[in-house]
Amino acid sequence: MAYNIPNGSRVYVASKYDDEIKITEATNAEEAVLTVDDVGDIAKGDIVHVTSGWKKASGAFRVASVAESKITLEGVDTSDKNVFPAGGGTGTLKKVLSWEVMPQVMTLSTEGGEQQTQEVQFLEDEQAETIDTYKNGVVQVYTFAHDAKLPIRKLLTKLDDSKQVTAIRFFNKRAEEDRYYTASISFQRVPNTAINEVENVTARFSLKSEMQIYTNAS
């Protein structure tokens with residue numbers, strides 16, 4: 022059992038990708054194995070952005086191993102065929118070539134994810150039952166100091182305008198964890214200005230995949 026604080030952490034946004042590769046097959050296994058047309062220069066430890074016919078197998082993942090036309094995704098359990106129907110995992114992937122850091126983060130928060138419910142009561146019942154329905158979407162919100170010269174500003178503006186889904190990396194230094202997910206980005210590029218306060222802007226990352234957490238990161 023352990024706990025950590027996020028001091029010293031960094032957040033990164035994927036800034037460059039390699040060419041997209043077609044996934045022709047995906048296995049039902051404790052660690053999914055993808056068959057691809059061409060592995061290219063993908064190697065163990067690389068981060069790949071996967072778009073799969075299995076929604077829960079879409080996201081940003083670390084490569085566990087590469088052998089000929091097979092790529093194994095670290096920690097991606099697709100063994101449950103009720104969630105991952107056999108033959109349904111085809112799609113595409115692309116390797117993340119570079120990341121842009123978001124410096125000078127002032128505040129961060131997570132919104133959404135709350136379980137929604139519906140109550141039902143039948144005539145013969147004295148008390149209603151609560152049924153889980155869906156969960157709200159999750160958004161991570163980052164406020165950081167405004168600097169028009171920062172490369173991250175240009176990248177966030179581009180991603181906001183295009184609404185292209187991209188990979189995000191959060192490195193928690195104290196926990197030694199890498200946390201990856203994919204998201205669309207909304208960027209409030211007009212600086213928030215107040216007397217005697219640091220001017221700041223806000224980026225909202227709307228998660229499009231589950232967050233994948235890898236330990237022993239550095």
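Numbering (the numbering used here), first residue to last: 22 to 239. A virtual CB, placed ideally from N, CA and C, is assigned to each residue, including glycine.
Could you say which of the options lies nearest to residue i if we only look at CA atoms?
i, options, result
"Leu180", "Lys37, Asn25, Ile26", "Lys37"
"Phe226", "Pro212, Thr128, Ser205", "Ser205"
"Val117", "Lys91, Gly80, Ser100", "Gly80"
"Glu132", "Gly158, Thr164, Met123", "Gly158"
"Ala238", "Thr214, Glu198, Thr203", "Glu198"
"Tyr155", "Gly109, Leu114, Glu135", "Glu135"
"Ser2", "Lys65, Gln233, Ala78, Val104", "Since the first residue shown for the chain is 22 and the last is 239, residue 2 is missing from the structure and cannot be characterised."
"Gln137", "Ala107, Ile152, Ile44", "Ile152"
"Glu46", "Lys76, Gly112, Gly29, Pro27", "Gly112"
"Leu94", "Ser73, Val54, Leu176", "Val54"
"Asp62", "Gly74, Ile92, Gln139, Tyr163", "Ile92"
"Thr178", "Ile216, Ser73, Val211", "Val211"
Which of helix, strand or coil does DSSP assign to residue i?
i, result
"Leu55", "strand"
"Leu177", "helix"
"Ser79", "coil"
"Ser183", "helix"
Just how far apart, CA to CA, sit residue i and residue j?
i, j, result
"Trp120", "Lys184", "18 Å"
"Val71", "Arg31", "23 Å"
"Lys102", "Asn49", "7 Å"
"Asn213", "Leu129", "16 Å"
"Phe143", "Thr56", "50 Å"
"Phe191", "Ser90", "29 Å"
"Met127", "Gln209", "15 Å"
"Arg195", "Asn25", "6 Å"
"Gly96", "Glu218", "43 Å"
"Gln125", "Gln148", "52 Å"
"Thr223", "Asp67", "29 Å"
"Gln139", "Asp146", "16 Å"
Along the beta strand (DSSP E) that carries residue i, what are the first and last residues, could you check?
i, result
"Leu94", "91-94"
"Glu46", "42-47"
"Ile234", "233-236"
"Phe226", "221-228"
"Thr113", "112-122"
"Thr99", "Taken as a continuous stretch (DSSP letters only), Thr99 belongs to no beta strand (DSSP E), as it is neither H nor E."
"Val69", "68-73"
"Tyr33", "31-38"
As an exercise, report each continuous beta strand (DSSP E) stretch of at least 3 residues that is fully enclosed by the segment 185-219, in chain order. 187-193, 198-213
Could you give the uninterrupted runs of the beta strand (DSSP E) lying entirely in the segment 126-167, keeping only those of 3 residues or more? 126-133, 136-141, 150-156, 159-166
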